[in-house]
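In full-length UniProt numbering, the protein residues as written are 1 to 182.
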């Protein structure tokens with residue numbers, strides 16, 4: 001569906017640790033662009049409805065985190081998790097999950113998600129605007145493979161999960177790499 005599409009050029013407002021700030025919360029704002037995350041790299045990007053939510057915290061994020069070496073073996077340079085949450089929330093979620101391999105990207109305003117066509121209303125859960133669950137293999141800012149959960153719509157009654165799972169993405173990468181080698 002979105003294969004071959006260039007990612008939208010967006011600036012993300014992140015918080016990064018900086019000991020020069022001092023105090024009990026030594027973080028500063030740092031603007032990072034789509035190019036900062038994706039230029040010149042082969043990346044797996046996955047986006048989900050919200051930090052700290054059950055499926056995201058129990059299956060999807062841990063699966064990508066624990067499978068990082070397998071993804072690297074298939075030519076992936078980085079894995080990023082995106083959500084329509086601010087940097088404070090994303091950083092705390094990364095800390096709570098003990099992330100060492102997966103980077104988090106805060107799309108607090110939902111601009112990237114909107115421009116990807118994946119912004120949905122989740123008012124039925126009290127979430128407001130959020131991302132529909134998807135994953136992509138991105139090569140130098142261009143979508144190489146797309147994995148979107150079925151049923152994209154506002155206020156969906158369920159949270160479909162499977163198409164964008166780490167297992168599905170890794171299986172695609174293995175198959176694609178085998179095809180290139182043949």
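All residues carry an ideal CB built from backbone N, CA and C; glycine is no exception.
Source: prediction; values computed, not measured.
query                                                                                         : result
Through-space distance from residue 28 to residue 113, alpha-carbon basis                     : 24 Å
Bridge partners - residue 142, DSSP secondary structure assignment                            : 6, 139
Boundaries (first-last residue) of the beta strand (DSSP E) holding residue 15                : 11-17
Inter-residue CB distance, residue 67 and residue 170 (contact presumed, cutoff 8 Å)          : 6 Å
Range covered by the beta strand (DSSP E) that runs through residue 71                        : It is not in any beta strand (DSSP E) - residue 71 instead sits in the alpha helix (DSSP H) that spans 68-73.
Three CB pairs or more closer than 8 Å across the stretch 90-106 and the stretch 159-167      : no
Assigned exposure category for residue 153 - 16 Cβ within 10 Å defines buried                 : exposed
Nearest-angstrom beta carbon gap, residue 46 and residue 81 [assumed within contact, 8 Å]     : 6 Å
For residue 11 and residue 110, the rounded distance between their alpha carbons              : 11 Å
Residue range of the beta strand (DSSP E) that includes residue 112                           : Careful: residue 112 lies outside any beta strand (DSSP E), inside the alpha helix (DSSP H) at 111-115.
Min CB distance residue 39 to chain D below 9 Å                                               : Protein chains in the displayed structure number just one, and chain D is not present.
Meets three-Cβ-pair contact criterion under 8 Å: the stretch 39-59 and the stretch 129-140    : yes
Run of the beta strand (DSSP E) containing residue 38, from where it starts to where it stops : From DSSP, residue 38 is part of no beta strand (DSSP E) but of the alpha helix (DSSP H) over 34-38.
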